[in-house]
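The next block holds one structure in the form of structure tokens; read it before the comments.
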Amino acid sequence: MPPKSKETATKKPLPQILRPSISNSSLNYVPDDVIEGFEDRIETGISWTLAEEAARYHKQKFSLKNKPNVTFSEGFQNRIKKSILNGFLDDKSKFTLGEQWEILLSMYLWDNEKFSSEEAKNCFNINNSITDNMIELIKIAVQKNDRETLKMNLKNIFTLRVNDCDMTELDDNLKQFKNLSTLNLCGNHISELNADVLPRGLRILELQNNRISNVDIFVENLPPKLIYLGLARNLLCNDNVDGLSKLPHNITVVDLADNDIYDLEAVLTALATLPSLIALQLAGNPCAVCAAYARTTLMRLPQLQWLDCREILPTDKPSEPFEPHADDLRSAYFNFTVFRIMSVPQPPKPDKGAITAFHVELELPLLDSTRRKFLMFRNNDSLIEMLPPPEDEEWQSTKVSPSFAESKIGLETSGVRTSSMYHESDIYNHLVPKNSREICHFTVFESNRIQWNKIMNFQEPTIKIFCPNLLALRDTFRTIITVRLVYTVTVIGKQSKSDKKSAHSLRPPGEQRVTLASIKCALRRPDWSQPSQHFHWDDSLGTDEAIHWGDGDLSVLQYTLAAVKTPKGKPDADPGSTKQFPPENLTCHFGFGIDTLRI
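Convert by adding 512 to the 1-based position in the sequence shown; the result is the number in the numbering used here.
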């Protein structure tokens, strides 16, 4: 028989992938008898980033009782009162427009430029960003010596920003701005948008950081020429994304970042009906941290040119049809990688029978199933408990030894060690015994343990966690993770023949430890175009905060203890192409990311 052609040849079945269970995962399971308030207990004690702290403060501020309603007109007037426009619009002012211009405004601008701090200058710029070219508008009114001219010109502006003024609703006064093309209402408390009062020529509408949870209420009444809609940091979730399909067909940019949209399929199905959509932001949603996020989005929305502020290159788009597995839309793996640790002070030679090692450890409270289970029924104060002291007097040494968890928490809350500590020759004399009576109802994730070297490399990824709870995974990238470099000495005493006969002579292995560095990494939203975000820290920085490495790749750097030869006539354009000698300072390179389906 002739051989089968390539078209008719049977393809080998793809290998079966063993997938962890999602429905029964401990990160998703909530028992029927759970004690009320467990969600708040899980989030208690979390170290949030500055941006997340601000967002949570804004949300909490609105939830206060007896929150008054603030209309657009009231919010606009509040913005005017904080700006340089106020004196020029005040009919009751004792100063003429000329005096306001020549004396008061000049003094105000001079003081702000010469004597204000950077923070004060930022506040000044924000308060006076109501529209573009405010000074020119004022100048025209001053030349005509007519306040009404300024009021009339304000109604004819093209850009209006009424943000951060506690506004809760729009009113008919917004219709007076008939020439508006850009309207910014960010940082308010708008929950229901009355689209009927929006100027019909509006092209850009920014509603980031409000309280909008349902787009169906206003989406069909939006101005027909609208090309940009910003809804980041609102309260959108799976229940109300269907209305996005009713957006004006001229829409080219939609910003849905940092909401609570969990179902990627649902939001992509709605957005696929928009023929002009070329830029989309979904980063910061739970659906954006699933394993198949980027590949599925680019397949379902082939016309996209930008995704999460990243330009989509031809090589980014799938070359073949792709249908994601259901689990890849509901889960991902969290990866922590130690690329290298260099120039750790060399420890002294250990005593006979002692085993020394270095390791890296961290806590990921939102991804910790042990902690989650415990807080279902207990309070945060009980996360660390102590067993009663044993009656055996020979164990008295463990009574006076400091608590390992207490010393660890103290390091995190008291600013850790100063950088000078790393250079003290006696740092290894500060070993602390691990308290065997201590019970921790949470997980301390640890790397593999290795011996000292000038350049220490760990397994990659160092820690890998299956995450079927996308909300917990998303929120983890809004936190500050503390990474600790720990040196341990473990002593296993040999027993004599007579000791082996006595049960009282048995002792557990004794471990002593010292934390050499405690480093804070403020995580950012995962970037679909990069496998992980990288952090650099060294003890010359004078702080425990690591530096986010931006788009740089610390994993490609090469270090060697051999003599480094620089090629003649070849500039060092690529730092990863040549090897370099390790720095003299204690230096750590880390990476945090998620496993995604590569395109």
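Backbone N, C-alpha and C define an ideal beta-carbon position, used for all residues, glycine too.
- [ ] Please say whether asparagine 750 and aspartate 770 have beta carbons closer to each other than 7 angstroms?
- [x] Translated into the one-based positions of the sequence shown, residue 770 becomes position 258. Translated into the one-based positions of the sequence shown, residue 750 becomes position 238. For aspartate 770 and asparagine 750, no; Cβs fall outside 7 angstroms.
Task: Where the beta strand (DSSP E) containing methionine 484 begins and where it ends - done: Not covered by the structure: residue 484. The range shown for the chain is 513 to 1111.
Task: Inter-stretch contact at 8 angstroms, needing at least 3 Cβ pairs: the segment 861 to 874 / the segment 950 to 970 - done: Contact between the segment 861 to 874 and the segment 950 to 970 is present, because at least three Cβ pairs lie under 8 angstroms.
Open item on the list: What would DSSP say about glutamate 611, mapped onto helix, strand or coil?
Closed with: To locate residue 611, count along the sequence shown from 1; it is residue 99. Looking at glutamate 611 - three-state DSSP - the assignment turns out to be helix.
TODO: List the DSSP bridge partners of lysine 1091.
DONE: As a first step, residue 1091 must be located in the sequence shown, where it is residue number 579. For lysine 1091, which the question treats as bridged, DSSP gives the partners Gln1070.
Task: Within 7 angstroms, strictly: CB atoms of glutamine 1024 and leucine 943 - done: By one-based count along the sequence shown, residue 1024 stands at place 512. By one-based count along the sequence shown, residue 943 stands at place 431. Contact: yes.
TODO: Specify whether the segment 796 to 816 and the segment 1044 to 1051 touch according to this definition: at least 3 beta carbon pairs, one from each stretch, less than 8 angstroms apart.
DONE: At 8 angstroms Cβ cutoff, the stretches do not touch.
Open item on the list: Quick check on the burial criterion: 16 or more other C-beta atoms within 10 angstroms. Buried or exposed for glutamine 720?
Closed with: Within the sequence shown, numbered from 1, the residue matching residue 720 stands at position 208. Buried.
TODO: Pull up the distance between the alpha-carbon of threonine 1055 and that of asparagine 752, whole angstroms please.
DONE: Working through the sequence shown from its first residue, we reach residue 1055 at position 543. Working through the sequence shown from its first residue, we reach residue 752 at position 240. Computed Cα separation, rounded: 44 angstroms.
Open item on the list: Restricting to Cα atoms, I'd like to know which of Asp544, Asn965, Leu879 and His1048 is closest to isoleucine 977.
Closed with: On the sequence shown, residue 977 is found 465 positions in, with the first residue counted as 1. Nearest C-alpha to isoleucine 977: Leu879.
Open item on the list: Give the list of continuous beta strand (DSSP E) stretches no shorter than 3 residues that lie fully inside the segment 669 to 710.
Closed with: 671 to 673 and 694 to 696
Task: Same chain, Cβ closer than 8 angstroms to glutamine 817, five either side skipped, listed in chain order - done: Translated into positions along the sequence shown, residue 817 becomes position 305. Cβ within range, chain order: Ile790, Ala791, Glu823 and Ile824.
Task: Backbone secondary structure at serine 533 - three-state DSSP - done: One-based indexing of the sequence shown puts residue 533 at position 21. Correct three-state label for serine 533: coil.
- [ ] Could you name the residues that DSSP lists as bridge partners for glutamine 793?
- [x] Sequence index remark: in the sequence shown, residue 793 carries index 281 (1-based). Partner(s): Asp767.
Open item on the list: Only counting the same chain, and skipping five residues up and downstream in sequence, which positions put a Cβ closer than 6 angstroms to that of serine 703?
Closed with: If you number the sequence shown from 1, residue 703 lands on position 191. For serine 703, where only same-chain residues beyond five positions count, the Cβ hits under 6 angstroms are Arg723.
Open item on the list: Would leucine 672 and leucine 649 qualify as a contact pair, given that the criterion is a beta-carbon distance under 7 angstroms?
Closed with: Working through the sequence shown from its first residue, we reach residue 672 at position 160. Working through the sequence shown from its first residue, we reach residue 649 at position 137. The answer is no: Cβ separation not under 7 angstroms.
Task: alanine 632 (DSSP reduced to helix, strand or coil) - done: Here residue 632 refers to the residue found at position 120 of the sequence shown. Note: alanine 632 maps to helix in three-state DSSP.
- [ ] Return the chain-ordered list of same chain residues with a C-beta closer than 7 angstroms to the C-beta of valine 995, the five sequence neighbours on each side being excluded.
- [x] Translated into the one-based positions of the sequence shown, residue 995 becomes position 483. Val872, Leu874, Ile1031, Cys1033 and Phe1102.
TODO: Determine whether the Cβ of methionine 898 lies closer than 7 angstroms to any Cβ atom of chain B.
DONE: Absent from the structure: chain B. Only one protein chain is present.
Task: serine 1017 - DSSP class collapsed to helix/strand/coil - done: The residue you call residue 1017 lines up with position 505 of the sequence shown. Reliability of the predicted coordinates at serine 1017 is poor, the pLDDT of 43 falling under 50, and no value is obtained from them.
TODO: Just grab the DSSP bridge partners of glycine 1022 for me.
DONE: As a working note, residue 1022 is residue 510 in the sequence shown. Answer is Val1003.
Task: Sequence-distant residues of its chain with Cβ nearer than 7 angstroms to leucine 738 (five each side left out) - done: Mapped onto the sequence shown, residue 738 falls at position 226. Correct list, in chain order: Leu714, Arg715, Leu717, Pro760, Asn762 and Ile763.
Task: CA nearest to the CA of isoleucine 642, picked from Asn624, Glu630 and Val674 - done: Sequence index remark: in the sequence shown, residue 642 carries index 130 (1-based). The candidate whose alpha carbon is nearest that of isoleucine 642 is Val674.
TODO: Note down, in chain order, each residue of its chain lying with its Cβ closer than 7 angstroms to the Cβ of lysine 911, except the 5 sequence neighbours on either side.
DONE: If you number the sequence shown from 1, residue 911 lands on position 399. Reliability fails at lysine 911, whose pLDDT of 40 lies under 50, so the model's placement of it is uncertain and no value is given.
- [ ] Starting from the C-beta of methionine 968, find all residues in its chain whose C-beta is less than 8 angstroms away, skip the five residues before and the five after it, and write them out in chain order.
- [x] Translated into the one-based positions of the sequence shown, residue 968 becomes position 456. For methionine 968, where only same-chain residues beyond five positions count, the Cβ hits under 8 angstroms are Arg852, Ile853, Met854, Val856, Phe870 and Ile962.
Task: Minimum C-alpha distance to tryptophan 560 - residue among Lys1091, Pro814, Phe989 and Asp1065 - done: As a first step, residue 560 is located in the sequence shown; it is residue number 48 there, counting from the start. It is Phe989 whose Cα lies nearest to the Cα of tryptophan 560.
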